[in-house]
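J.:
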Amino acid sequence: MKTILLRITIAMSIVFIGCKKPSNPYDTTMTVMIDETDSLPVYPTSQALLAPFKLAENPWQGLQITLVGITDKDVNATQIVSLPKEDRLTGNIAIRREKVKRFSSELQAELIRFDSTRSYSHSIIFRAIAHQATLLAERSFSNRYLLIYSNLRENSEVNFYNPQTLALLQQHSEIIEKQLAANSPLPLLNGVQVWFLFAPPTYHQNNVYMPIARFYEHVYKARQAEVHVETQFILP
Numbered sequence: 001m002k003t004i005l006l007r008i009t010i011a012m013s014i015v016f017i018g019c020k021k022p023s024n025p026y027d028t029t030m031t032v033m034i035d036e037t038d039s040l041p042v043y044p045t046s047q048a049l050l051a052p053f054k055l056a057e058n059p060w061q062g063l064q065i066t067l068v069g070i071t072d073k074d075v076n077a078t079q080i081v082s083l084p085k086e087d088r089l090t091g092n093i094a095i096r097r098e099k100v101k102r103f104s105s106e107l108q109a110e111l112i113r114f115d116s117t118r119s120y121s122h123s124i125i126f127r128a129i130a131h132q133a134t135l136l137a138e139r140s141f142s143n144r145y146l147l148i149y150s151n152l153r154e155n156s157e158v159n160f161y162n163p164q165t166l167a168l169l170q171q172h173s174e175i176i177e178k179q180l181a182a183n184s185p186l187p188l189l190n191g192v193q194v195w196f197l198f199a200p201p202t203y204h205q206n207n208v209y210m211p212i213a214r215f216y217e218h219v220y221k222a223r224q225a226e227v228h229v230e231t232q233f234i235l236p
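Just so you know, we're using UniProt numbering here: the sequence shown kicks off at 1 and counts up by one.
1. Taking its Cβ as the centre, do 16 or more other Cβ atoms sit within 10 Å of Val75, making it buried, or is it exposed?
2. Tell me whether Arg153, by its Cβ, gets closer than 7 Å to a heavy atom of the ligand NAD.
3. Using the three-state DSSP reduction, which class does Arg97 fall into: helix, strand or coil?
4. Taking Cβ positions, are Leu197 and Glu230 nearer each other than 8 Å?
5. Please check the pair Ile129 and Ile148, which I expect to be a contact at CB under 8 Å, by giving their CB distance rounded to whole angstroms.
6. Counting along the chain, where does the alpha helix (DSSP H) carrying Glu154 start and finish?
7. For Ser119, which of Val194, Ser104, Leu40 has the nearest alpha-carbon?
8. Taking one C-beta from the region 132-151 and one from the region 98-107 each time, how about it: are there three or more such pairs within less than 8 Å?
9. Below 8 Å on the Cβ atoms is my contact criterion, and I expect Ile65 with Thr37 to pass it. Report the Cβ-Cβ distance as a whole number of Å.
10. With a CB to CB cut of under 7 Å and the five nearest residues on each side skipped, what residues in its chain are close to Ile10?
11. Could you tell me the distance, in whole angstroms, from the CA atom of Ile80 to the CA atom of Pro44?
12. Between the C-alpha atoms of Ala48 and Ser142, what's the straight-line distance to the nearest angstrom?
13. Rounded to whole angstroms, what is the Cα-Cα separation between Ser46 and Glu154?
14. For residue 249, does the three-state DSSP call read helix, strand or coil?
15. For the region 64-113, which segments carrying the alpha helix (DSSP H) assignment without a break, of at least 4 residues, lie completely within its bounds, in sequence order?
16. Report the option in Val192, Asn24, Phe126 whose CA atom is closest to the CA atom of Ala181.
17. Use the C-beta contact count for Ile34: other C-beta atoms within 10 angstroms, 16 or more gives buried, fewer gives exposed.
18. With distance defined between alpha-carbon atoms, name the residue in Tyr161, Leu63, Ala137, Asn24 nearest to Val194.
19. To the nearest angstrom, how far is it from the Cα of Pro201 to the Cα of Leu168?
20. So, helix, strand or coil for Gln232, using DSSP?
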């Protein structure tokens with residue numbers, strides 16, 4: 001009798017495992033913002049975006065990646081590429097690796113669709129980033145990342161192409177912050193990692209970019225985000 005009961009228990013456990021669906025099909029959500037208003041010396045690829053997650057070692061994890069352009073508009077089309085997680089106990093490793101491969105290929109295909117070679121007369125960057133950061137703050141995922149591929153040269157009501165504005169940024173950044181944040185207040189961003197990714201190609205461009213990047217770093221750290229100013233997306 002004990003043997004029969006044990007077998008029934010095991011069978012029910014197997015059925016339960018097979019039928020149980022995770023409450024959240026993704027471990028990680030990542031929003032990747034691509035500046036389409038200027039050429040980018042560092043452009044995202046599927047390999048660069050996925051390498052930190054080591055999918056070859058752990059193919060069962062779930063990732064959801066949202067691609068968003070930065071343009072001269074507040075509303076831009078988004079593309080979502082996703083890989084729902086699966087249970088390693090009930091999954092087929094060969095099939096899973098094929099799914100990972102298709103996910104990577106689909107991501108690369110969507111990245112190619114973005115055009116970062118065009119030149120816009122204006123670029124709305126601060127509001128665009130703030131909007132995506134707010135969306136991430138509202139989501140419940142184990143890992144939340146916001147990657148911004150941009151030189152961060154705002155050209156809206158605040159013009160970072162104006163030398164006087166850049167001088168004011170370094171001397172009284174609180175004035176610039178107040179002006180930009182007036183219409184784009186940020187919530188607390190605990191648990192959100194924000195990555196500003198750009199590689200200035202010249203000494204002059206580096207001297208322009210870094211004060212702007214440090215300004216963004218200050219703004220987002222003040223809202224409790226974990227902030228990185230880097231040239232590559234690399235996780236420990």
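Where is the CB? At the ideal position from N, CA and C, for every residue including glycine.
T.: For this structure:
1. exposed
2. The ligand NAD is not among the ligands present in this structure, which contains no ligands whatsoever.
3. helix
4. yes
5. 6 Å
6. Counting along the chain, Glu154 falls outside any alpha helix (DSSP H), and DSSP gives it neither H nor E.
7. Leu40
8. no
9. Actually they do not touch by this definition, with Cβ atoms about 22 Å apart.
10. Low per-residue confidence applies at Ile10: pLDDT is 40, beneath 50, and the placement is therefore not dependable enough to give any value.
11. 15 Å
12. 21 Å
13. 27 Å
14. Because residue 249 is not part of the residues shown, which for the chain are 1 to 236, the question remains open.
15. 93-113
16. Phe126
17. buried
18. Ala137
19. 24 Å
20. coil
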